[in-house]
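Plus 2 on top of the position in the sequence shown (first one is 1) and you've got the working numbering. Where a beta carbon is used, it is the ideal one built from N, C-alpha and C, also for glycine. Predicted model only: the values in this text are computed from it and were never measured. To keep things clear, I will list the structure first and then write my remarks on it.
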Amino acid sequence: MTAPTEADVRLATELVRGAGSLAAKMRHEGIDASVETKTSVSDLVTAADKAAEKAIVDRLATERPDDGILGEEGSARDSASGRVWTIDPVDGTYNFVRGLDWWCSALALTDGDDILLGAVYSPAEDAVYVGGPDLPTTRNGVRLDAIPDTPLDLACLTTYLHPARLKQPVGEAYIRVTGGAASIRILGSGSMDLTAIAQGKLHLFCQHSVPDWDRLPGWALVLGAGGATTQVEAGGALWSLAGAPTAVADAARALTSE
Numbered sequence: 003m004t005a006p007t008e009a010d011v012r013l014a015t016e017l018v019r020g021a022g023s024l025a026a027k028m029r030h031e032g033i034d035a036s037v038e039t040k041t042s043v044s045d046l047v048t049a050a051d052k053a054a055e056k057a058i059v060d061r062l063a064t065e066r067p068d069d070g071i072l073g074e075e076g077s078a079r080d081s082a083s084g085r086v087w088t089i090d091p092v093d094g095t096y097n098f099v100r101g102l103d104w105w106c107s108a109l110a111l112t113d114g115d116d117i118l119l120g121a122v123y124s125p126a127e128d129a130v131y132v133g134g135p136d137l138p139t140t141r142n143g144v145r146l147d148a149i150p151d152t153p154l155d156l157a158c159l160t161t162y163l164h165p166a167r168l169k170q171p172v173g174e175a176y177i178r179v180t181g182g183a184a185s186i187r188i189l190g191s192g193s194m195d196l197t198a199i200a201q202g203k204l205h206l207f208c209q210h211s212v213p214d215w216d217r218l219p220g221w222a223l224v225l226g227a228g229g230a231t232t233q234v235e236a237g238g239a240l241w242s243l244a245g246a247p248t249a250v251a252d253a254a255r256a257l258t259s260e
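Structure below.
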């Protein structure tokens, strides 16, 4: 694995800022007629998602032609370098469509199984977050403080599970972990939730069946701020956890204590 370079950080910053700014402009101009559903009525995709992903992919084709690509909206390219850019052009599309501010553009750069960096741009804040395991997390270039360690029983946990699944095995696991938390938030954008965790505003991300584009960018930020990440099997699903180290460990035990 090679460490991220200054050029990697600069490019990632420019890519997410450009994608997020384009999506915000398109929302301002009106996107209602271009909204489509994917897996459910709350799983949406817009022309802004597609345009923002294309903007990132087109630039990577020029500047990093040997790197692989995995995009939420279908972009894919095999890697000749071992590196892959995982892209979520608009994370929190339901919020984006409904006029809420909790959405962002996000990406991660990996080398094999290793996360090199994640970058997230929040247009509502005009803030770019960049960080990774060997890259201290910053907000608009200012280094964040280390995540304060917090146990689960004092933690604010961010998650999601539709109530219809509460009586299923995955719901039983969900109740075990959320029942031990001090508070819960369901905000609708995993990458944005993870920016809040990296800043110590929330304490733990815990959700099942999270795709790489919703997981890797924010995981990198949490790791760069001294947090912990892990995945565990519980209730027939793979759960992704990130946040304060003690809260992550407590939550992993709660999920698997059937």
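Practice problem: Give every residue of the same chain whose Cβ lies closer than 7 Å to the Cβ of Y223, excluding the five residues on either side of it in the sequence, and list them in chain order. | Solution: Walking along the sequence shown from the start, residue 223 turns up at place 221. Reading off the sequence shown, one finds Leu at residue 223, where the question assumed Tyr. So the qualifying residues of the chain are G120, V122, Y131, G133, T139, L196, T197, A200.
Quiz prompt | Sequence-distant residues of the same chain with beta carbon closer than 8 Å to V250, five excluded per side | solution = Locating residue 250 in the sequence shown gives position 248, counting from the first residue. Excluding sequence neighbours, V250 sits near L206, G229, A230, T231, T232, L243, A244.
Exercise. Can you tell me which of the three DSSP states E55 falls into?
Key: Position 53 of the sequence shown, counted from the first residue, corresponds to residue 55. E55 falls in the helix class under three-state DSSP.
Exercise. Output the boundary residues of the beta strand (DSSP E) element that contains A210.
Key: Residue mapping note: residue 210 aligns to position 208 of the sequence shown, counting from 1. The amino acid at residue 210 is misidentified as Ala; the sequence shows His. Run containing H210: 206-210, per the beta strand (DSSP E) assignment.
Exercise. Pull up the distance between the alpha-carbon of A321 and that of G220, whole angstroms please.
Key: Lying before the first or after the last residue shown, residue 321 is absent from the chain, which here runs from 3 to 260.
Self-check item: Close beta carbons around G94, own chain, < 7 Å, minus the five adjacent residues each side
Solution: For the purposes of this step, residue 94 is identified with residue 92 of the sequence shown, where counting begins at 1. Cβ neighbours of G94 beyond the five flanking positions: W104, W105, C106, G190, S191, M194.
Quiz item: Using the C-alpha atoms, what's the distance from R12 back to R145?
Solution: Counting from 1 along the sequence shown, the entry for residue 145 is found at position 143. Counting from 1 along the sequence shown, the entry for residue 12 is found at position 10. Taking the straight line joining both Cα atoms gives about 15 Å.
Exercise. Could you name the residues that DSSP lists as bridge partners for A121?
Key: Here residue 121 corresponds to residue number 119 of the sequence shown, with the count starting at 1. L109, V132.
Quiz item: Nearest-angstrom Cα distance between Y176 and R255?
Solution: Looking up residue 176 in the sequence shown gives position 174. Looking up residue 255 in the sequence shown gives position 253. One C-alpha to the other measures close to 12 Å.
Quiz item: Going straight from the alpha carbon of T88 to that of T161, what length do you get?
Solution: As a first step, residue 88 must be located in the sequence shown, where it is residue number 86. As a first step, residue 161 must be located in the sequence shown, where it is residue number 159. For T88 and T161, the distance between alpha carbons rounds to 22 Å.
Quiz item: Counting along the chain, where does the beta strand (DSSP E) carrying A184 start and finish?
Solution: For the purposes of this step, residue 184 is identified with residue 182 of the sequence shown, where counting begins at 1. That residue, A184, is in no beta strand (DSSP E); it is neither H nor E in DSSP.
Quiz item: What residues in its chain sit with their C-beta under 6 Å from that of S83, if we drop five residues either side in the sequence?
Solution: Indexing the sequence shown from 1 puts residue 83 at position 81. Excluding positions up to five away in sequence, the list reads D68, D69.
Quiz item: In whole angstroms, what separates the C-alpha of S81 from that of A110?
Solution: For the purposes of this step, residue 81 is taken as the residue at position 79 of the sequence shown. For the purposes of this step, residue 110 is taken as the residue at position 108 of the sequence shown. Each residue's alpha carbon lies about 14 Å from the other.
Quiz item: Using the rule of at least 16 other Cβ atoms within 10 Å of the residue's Cβ for burial, across every protein chain shown, is H164 buried or exposed?
Solution: In the sequence shown, counting from the first residue as 1, residue 164 sits at position 162. Per the 10 Å Cβ criterion, exposed.
Quiz item: When burial is assigned at 16 or more other CB atoms within 10 Å of the CB, is R2 buried or exposed?
Solution: Since the first residue of the chain shown is 3 and the last is 260, residue 2 is not available in this structure.
Quiz prompt | Whole-angstrom distance between Y96 and L46, CA atom to CA atom | solution = The residue labelled residue 46 in the question sits at position 44 within the sequence shown. The residue labelled residue 96 in the question sits at position 94 within the sequence shown. Low confidence applies to L46: its pLDDT is 47, below 50, so where it sits in the model is not reliable enough to give any reading.
Self-check item: V18 - partner residues in DSSP beta bridges
Solution: In the sequence shown, residue 18 corresponds to position 16, counting from 1. Its beta-bridge partners do not exist; DSSP assigns none.
Quiz item: Can you tell me the Cα-Cα spacing of L168 and S77, whole angstroms?
Solution: Indexing the sequence shown from 1 puts residue 168 at position 166. Indexing the sequence shown from 1 puts residue 77 at position 75. If I take the Cα positions, the gap works out to 34 Å.
Quiz prompt | Extent of the continuous alpha helix (DSSP H) to which W241 belongs | solution = Locating residue 241 in the sequence shown gives position 239, counting from the first residue. DSSP places W241 in no alpha helix (DSSP H) but in the uninterrupted beta strand (DSSP E) bounded by 239-245.
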